[in-house]
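**Q** Take any residue in the sequence shown, note its place counting from 1, add 6, and you have its number in this note's numbering.
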Amino acid sequence: MWPGVSRSLITIVAALLVGCSMAAALEFSFLLGLATLAAATALDLAKHGGELVDAYGIGTPILGAVVAFITAIIAVKWLVRYLSARPLARFGWYRLAAAAVTTVLIMSNTIG
Numbered sequence: 007m008w009p010g011v012s013r014s015l016i017t018i019v020a021a022l023l024v025g026c027s028m029a030a031a032l033e034f035s036f037l038l039g040l041a042t043l044a045a046a047t048a049l050d051l052a053k054h055g056g057e058l059v060d061a062y063g064i065g066t067p068i069l070g071a072v073v074a075f076i077t078a079i080i081a082v083k084w085l086v087r088y089l090s091a092r093p094l095a096r097f098g099w100y101r102l103a104a105a106a107v108t109t110v111l112i113m114s115n116t117i118g
């Protein structure tokens, strides 16, 4: 992988290239992301779950997970609707603009 390359965008583009609709490509990408994040969370909980419970109790992490899950569902549904009606080109232009601004800031020694 190259720095700054979105795994989600790669899976979306790959699904589009094999003939999936935009909605199907987005759902496929988000389901892959869900599986990846769930596995990473399970691994992290297996390693550090005791520390989390010791620091915050059991209720706070569970509430946080539930709120995050509900928020993610809302965000994904909105994004699928949004991108089903609009092209991905907006994200490409955004990334080019962000790269240009970052390059100028680095070259002017403002950052980095």
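All C-beta atoms in this analysis are idealised placements derived from N, C-alpha and C, irrespective of residue type, glycine included.
Once the 5 residues before and after S35 are set aside, which same chain residues still bring their CB inside 6 Å of it?
**A** Taking the first residue of the sequence shown as 1, we reach residue 35 at position 29. So the qualifying residues of the chain are S14, T17, I18.
**Q** Give the straight-line distance between the Cα atoms of I64 and V86, rounded to the nearest whole angstrom.
**A** Taking the first residue of the sequence shown as position 1, residue 64 is located at position 58. Taking the first residue of the sequence shown as position 1, residue 86 is located at position 80. Each residue's Cα considered, the two are about 33 Å apart.
**Q** Rounded to whole angstroms, what's the CA-CA distance from K83 to G70? Just pull it up for me.
**A** Against the sequence shown, residue 83 aligns to sequence position 77. Against the sequence shown, residue 70 aligns to sequence position 64. Distance between the alpha carbons of K83 and G70 is about 20 Å.
**Q** For A21 and A29, which I take to be in contact (beta-carbon distance under 8 Å), what is that distance rounded to the nearest angstrom?
**A** Translated into the one-based positions of the sequence shown, residue 21 becomes position 15. Translated into the one-based positions of the sequence shown, residue 29 becomes position 23. Contact flag wrong, Cβ pair sits at about 10 Å.
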